[in-house]
Structure formats: structure tokens, C-alpha cells
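Engineer: Before I ask anything, here is the structure I am working with.
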Amino acid sequence: PPQARNGAKEGDYLRCAILRHPIRDGKPQAKVLSVIGSENTPGIENLYCMAKYALATKWSGASREELKQVLAHRQPMETQKRRDLTDLEFVSIDATKTLDIDDALYAEISKDGWTLFVAIADPTAYIPIDSNLHRDIAARGISVYFHGDILPMLPEELSQDTCALAEGVDRAALVCKIAVKDNGELGAFEFIEATVRSRAKLSYYAVDRYINGQYDELMSHATPLETLYQVYRALRSRREEIDLVMDDRQEFRWILNENKQIESIEPSEKLLSQKLVEECMVAANRCAAVFLSAHNASGPYVSHAGFRADRLDEVRKFLAMHAPELAELDPSTLGGYRDIMRGLSAPDKTLPLRLMVNRLLTRADIITEPAAHMGMALPSYTNCTSPLRKYVDFLAHLQIKAALAGGSARLVDEQMLLVLKERLAAGRAATLEAERWLASNYLQKLTRENPALVFTATVTHVTSSGFTVRLDDNGLTGFVDLRKDPEKFSYDKWTASLTSTTRRFELSQSVQLNFTAVDDDVLYRALFQPVAGCGLKPAK
């Protein structure tokens, strides 16, 4: 009704409340609660998805008031018993623009390897567990990163200032001290509530150039960097030999213009310095899982069950068809799963077998009891190294510190994790929809500029109705729907392929495509069609 329009105009994106449901008389009515913006509003894609998935964009008045009290009166480095580790030459390695610095690293040589120190920011030292501020942080669950916008999990006064492990200032930290043997095996470890001082905020790019011998300006930090690189090589070699390590995938960087639309997309490689940091974080997370388990903590643990329990017979049949040498292995055990996945990735395989079993895998989960993480081939795992950005890590800190204080580490329960997983899913859905929306805008722009534009892509997933592709030049994804194709295609799940009389499409195949439309009903999914002659079977 006119009086309920709140100034809305044609083409505006709105947040509304339903006043009358159409089921009664076919005459629905709504009240406009707020106008989010129009298609000309910079970042409308992000703003709309934040509203659609009910992501918190503001802090409550009660939280703001408590934050003032926390900043004024909480002095954990003065009022709490902490070990002074400010003499250790910690350095942080992160993106140049990062301000919410979660971690800093230091390593030194020992008699049978190295001692690695992973210092992690300690926001739980500032946030009362029974406060409105804590409840608001729990409700957010994670920092949500859109292209061009961020919704931080913590107020920036904490995440970018008071708690961040910034250069040259003393900070409260939870430190994981780990003995790393020469062969990369993790030895004894301990968690320490400490005070640390980062000596430098180094960028991934600068450290990568230094490691590769192209940048001498970091010579003043040579001792910790050289030792950290040695630790990285040992840890990585051990995991590649004993556990499972995911293959690196081609990454891309989006360049946005002033309207927060994609101006261009550039390929980027994962840097050696990023892998170094990642390996140190994995080591600390593994130790956290062992520590929580040893203290009978109620989580949080991150598990991955591997193959779906209801698809194990299908797994065995698949192995018998494509890799009979693996068929006798038990896919439900940690060792069997590891050996199967390694065997499917072996260089002598002519089919992309590792990709072909993705449809049979479960997703990772957050649980209250320790369990195997099949995807990493580890008996247990958790996350503790990003408490400024992830509530799972924040909870892990609360549990670790409760155990260190001699108390019961039973602060986490299944209902808490259920709510958290719902918020994490909402954040993923919001960023995915906003990314697809931006990507569809970009593809439409490219096609307007060149209507005959042909994209080269790789088939990444095959279903009975068509196949998903990833564009080689920019990493954007889309779908080729073959249900309306003049030819009838037959789907074979055992070979992940679609075959007609004249054409065949299969996993990892390179295809030539034209962009056709955006499917607004499926979260702005980009739709493509093969160019003439694409996928033709060889003549008999």
C-alpha cells in the first residue's frame, strides 16, 4: 500500500515484512522496512546479500557500552599471570593491507631439529564470557569477506588495535611452543599464556622474494626467517610423505573499480611464504586438537569423515573398475582412505580419478568429540590460529585456557555448534551469491563488448543434466545445461561423462564456450553453451 512504501522507487532493492499472505485471496501486501539501494549503488550486490542472509552489520548498544568498559579497564598483561616472551624475535607474515593480525612466528634451532613458536592473538583475555559483547560475537560466528566489503567478527577496536599482534607493541597472546624434529615430526608441545612483541609486520610478497633470494631488505630478520623456512620444509615434506596435502589450484585476484564492480581479473600463484605460514598454522592446530582431547574437552574439533557411509559400496565398485590395485583397501579407515586418495592421484592414471570421487565425499564438520580428519589423514584436528576472525578458534582458546587453569574444558556443546554452523552456512551463502552476481555482471559486460567472445574452460563436475565449468582465463564458474540440446545425452556416473551420438563431455575436458545468460533462479549462475564442433567424438 502507498503508506507502507517508505520512499521506495521502481528498481530499488528492499527489505520488507509481509502484511498479508497471498494464500487467502491472492492479494499479497508488504511493508517496506528499509531501502537497501538500487542497481547503481556501489556494492549493492554485497549489501543485498548481507540483508538477505541476515548478517549483522552493526553492534548493539549494549555491546558498544561493554566495549568501552573493556578498553578502559581490562589490562590482561598487567592483571593476569603471563610468561614474558618479548625477547623472542616474532614476526608476522600477512597481506600488506591486513590490520587484524592473528598470528606471529618465531623458530630457533634445537639439538634434534627446531623449536617453533606460534603466537596467536588472545581476544578472550578481553571479552567477558557472560557479556552481551561475547553473545554478539558468537552470533556473527566469523568475519565475512566480500569482494570490496568486510563484516568483522570482532569490533575493529579489538581486532585491529588492542588484540592484533602489531609491530613493536606488547600484546597478550596464546603461544603454542612445538618441538619439530629433523624429519618434520611433531614432538612435545605446550600452550603458554604469554606477552609477546612482534619485531616486524612482513608482507607475503616481500618474504617470498627473500626466500627466493631476490630481496635483501629483510636481512635484519634473516635469523628467524631462515629458521622458519627450514621448519616449513621439514613440516611440509613430512605431511606430503605421511599425510594428505591438497594440490594447489590456480588462483585469481579480482580488481574492482570505484563502483565495486569487476574491472579485471588477474591470475595469481600461491606464494611460498603463504605455504610457510599455512604449515606453521597446521602444526599449531594439530597440537590444539591433541591438547583438547587429552583434557577431555568438549570440542570444538574439526572432522572429515571421508567417503559417505551410504556410498561405500559405490566406492568399492569404482575402485574395482578404475584402480583394482586399490580395491582391497578399506575406504572407511584413516590409512585406507589416505592410500586410496594417493593412489587415485598417482601420475600414471590417465583419468582424473581423484576428481571423479568428489561426489562420494562428505563435508568437513565441527563436533564435540575428537574424530579423524580424513581429508588431511590426521587422527584429530581443530582450528585455533584465527580467533580474531573465526568463532571456532575463539572457542578453542576458551577451552585451552580453561584446561591450563586446571578447570573443566566443557564450555562447548552441540547446540552451540549447531547455531554456529548455521551462521557459517549463512556467511558462505551470502558471499557465494554476491560473488556470482558480480561475476555475472562482468561476463555480461565482456559479452556486450564482444558478442562473439569464446571462452576456454575446463569441465569440473558432471551431472545427468549438464556440466559445471571453470573458465581458464579468470577462474569464474558456470553451467552448461544439455537438457534442451537437440541431441539426447547419456550420463555415466562411473566415468563422469555425458555422451550423445556425436559428442562427449567428461571431467577435466577442455571446452570452448559462449556465454548465454544468467540464471537468476539459481543464485546468478552463469550459463554457457558449447561452440559448434566442441566435444565431437573422433570419427570411427
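In terms of the working numbering, the sequence shown opens at residue 67 and continues consecutively. Cβ atoms here follow ideal geometry from the backbone N, Cα and C, with glycine treated the same way.
1) Using 10 angstroms around the beta-carbon of H139, count the other beta-carbons present and answer buried if the total reaches 16, otherwise exposed.
2) Quick test of your reading: T522 and S576, contact by CB under 8 Å. State the CB separation rounded to the nearest angstrom.
3) Classify D196: buried if its beta carbon has 16 or more other beta carbons within 10 angstroms, exposed otherwise.
4) Is A437 closer than 9 Å to H361 when the C-beta atoms are compared?
5) Tell whether a beta-carbon distance below 9 Å holds between F384 and M422.
6) Can the beta-carbon of D274 be found closer than 9 Å to that of L337?
7) Write down the C-beta distance between V262 and L231 rounded to the nearest angstrom, noting that I regard them as a contact closer than 8 Å.
8) What is the residue span of the beta strand (DSSP E) that W320 lies within?
9) Measure the CB-CB distance between R404 and L284 and report whether it falls below 9 Å.
10) Taking only the alpha-carbon atoms, compute the straight-line gap between V458 and S452 and give it to the nearest angstrom.
11) The beta strand (DSSP E) with G372 in it runs from where to where?
12) Once the 5 residues before and after E317 are set aside, which same chain residues still bring their CB inside 8 Å of it?
13) Using the C-alpha atoms, what's the distance from E324 back to D168?
14) Around the Cβ of K456, are there at least 16 other Cβ atoms within 10 angstroms (buried) or fewer (exposed)?
15) Quick check on the DSSP output: what are the complete beta strand (DSSP E) runs of length 3 or more inside the stretch 273–361, in order along the chain?
16) When you compare the CB positions of G365 and E307, do they come within less than 9 Å of one another, or not?
17) Does the pairing of the stretch 526–544 with the stretch 476–496 give three or more beta-carbon distances under 8 Å?
18) What residue from I203, A187, H370 has the CA that sits closest to P194's CA?
19) Could you pull the start and end residues of the beta strand (DSSP E) that Q465 belongs to?
20) Does DSSP classify R420 as helix, strand or coil?
21) Taking DSSP as the reference, what is the three-state secondary structure of S474?
22) Look at I159 and L342 and say whether their C-beta atoms are less than 9 Å apart.
23) With a floor of 3 residues, list each beta strand (DSSP E) that falls wholly inside the stretch 192–216, ordered by position along the chain.
24) Which word fits G179, buried or exposed, when buried means at least 16 other C-beta atoms lie within 10 angstroms of its C-beta?
25) Here's a check: name, in chain order, each residue in its chain whose Cβ is nearer than 6 Å to the Cβ of K75, leaving out the five neighbours to either side.
26) Per DSSP, what kind of secondary structure is N112 in: helix, strand or coil?
27) Could you tell me the boundaries of the alpha helix (DSSP H) in which K93 lies?
28) What are the partner residues of H527, as DSSP defines its beta bridges?
Structural biologist: Result, derived from the coordinates:
1) Within the sequence shown, residue 139 is the residue found at index 73, counting from 1. That one is exposed.
2) Start at 1 with the first residue of the sequence shown, and residue 522 comes out as number 456. Start at 1 with the first residue of the sequence shown, and residue 576 comes out as number 510. Right, the Cβ-Cβ distance comes to about 7 Å (below 8 Å), so this counts as a contact.
3) If you number the sequence shown from 1, residue 196 lands on position 130. With fewer than 16 Cβ atoms within 10 Å of its Cβ, D196 is classed as exposed.
4) Sequence index remark: in the sequence shown, residue 361 carries index 295 (1-based). Sequence index remark: in the sequence shown, residue 437 carries index 371 (1-based). No, Cβ-Cβ distance for H361 and A437 is not below 9 Å.
5) In the sequence shown, residue 384 corresponds to position 318, counting from 1. In the sequence shown, residue 422 corresponds to position 356, counting from 1. If you check the CB distance, F384 and M422 come in under 9 Å.
6) Position 208 of the sequence shown holds residue 274. Position 271 of the sequence shown holds residue 337. Their beta carbons are under 9 Å apart, which means D274 touches L337 by this criterion.
7) What you label residue 262 is simply residue 196 of the sequence shown in a count that begins at 1. What you label residue 231 is simply residue 165 of the sequence shown in a count that begins at 1. About 7 Å; that satisfies the 8 Å criterion.
8) In the sequence shown, counting from the first residue as 1, residue 320 sits at position 254. Run containing W320: 317–322, per the beta strand (DSSP E) assignment.
9) Position 338 of the sequence shown, counted from the start, is the residue given in the question as residue 404. Position 218 of the sequence shown, counted from the start, is the residue given in the question as residue 284. No, the Cβ-Cβ distance between R404 and L284 is not below 9 Å.
10) On the sequence shown, position 392 is the one that residue 458 refers to. On the sequence shown, position 386 is the one that residue 452 refers to. Cα to Cα, the separation comes out at about 9 Å.
11) Taking the sequence shown and counting its residues from 1, one reaches residue 372 at position 306. Counting along the chain, G372 falls outside any beta strand (DSSP E), and DSSP gives it neither H nor E.
12) Here residue 317 corresponds to residue number 251 of the sequence shown, with the count starting at 1. Hits under 8 Å: P333, S334, E335, K336, G541.
13) Here the question's residue 168 lines up with position 102 in the sequence shown. Here the question's residue 324 lines up with position 258 in the sequence shown. Those two C-alpha atoms are separated by around 29 Å.
14) What you label residue 456 is simply residue 390 of the sequence shown in a count that begins at 1. It counts as buried.
15) Fully enclosed beta strand (DSSP E) runs of 3 or longer: 317–322, 328–334.
16) On the sequence shown, position 299 is the one that residue 365 refers to. On the sequence shown, position 241 is the one that residue 307 refers to. The answer is no: Cβ separation not under 9 Å.
17) no
18) For the purposes of this step, residue 194 is taken as the residue at position 128 of the sequence shown. Nearest C-alpha to P194: I203.
19) For the purposes of this step, residue 465 is taken as residue 399 along the sequence shown, with counting starting at 1. For Q465, there is no enclosing beta strand (DSSP E); the residue is found in the alpha helix (DSSP H) stretching over 457–470.
20) Taking the first residue of the sequence shown as position 1, residue 420 is located at position 354. Assigned with DSSP and collapsed to three states, R420 falls in helix.
21) Looking up residue 474 in the sequence shown gives position 408. Three-state DSSP puts S474 in coil, outside helix and strand.
22) Stepping through the sequence shown from its first residue, residue 159 is reached at position 93. Stepping through the sequence shown from its first residue, residue 342 is reached at position 276. Their beta carbons are under 9 Å apart, which means I159 touches L342 by this criterion.
23) 210–212
24) Sequence index remark: in the sequence shown, residue 179 carries index 113 (1-based). G179 should be labelled buried.
25) As a position in the sequence shown, residue 75 is number 9, starting the count at 1. Exclusion of the five residues before and after K75 leaves no residue of its chain whose Cβ lies closer than 6 Å to its Cβ.
26) By 1-based counting over the sequence shown, the position of residue 112 is 46. Of the three classes helix, strand and coil, the one that applies to N112 here is helix, per DSSP.
27) Reading the sequence shown from its first residue, position 27 is the one you call residue 93. DSSP places K93 outside any alpha helix (DSSP H), giving it a letter other than H or E.
28) By 1-based counting over the sequence shown, the position of residue 527 is 461. Answer by DSSP bridge pairing, in chain order: T534.
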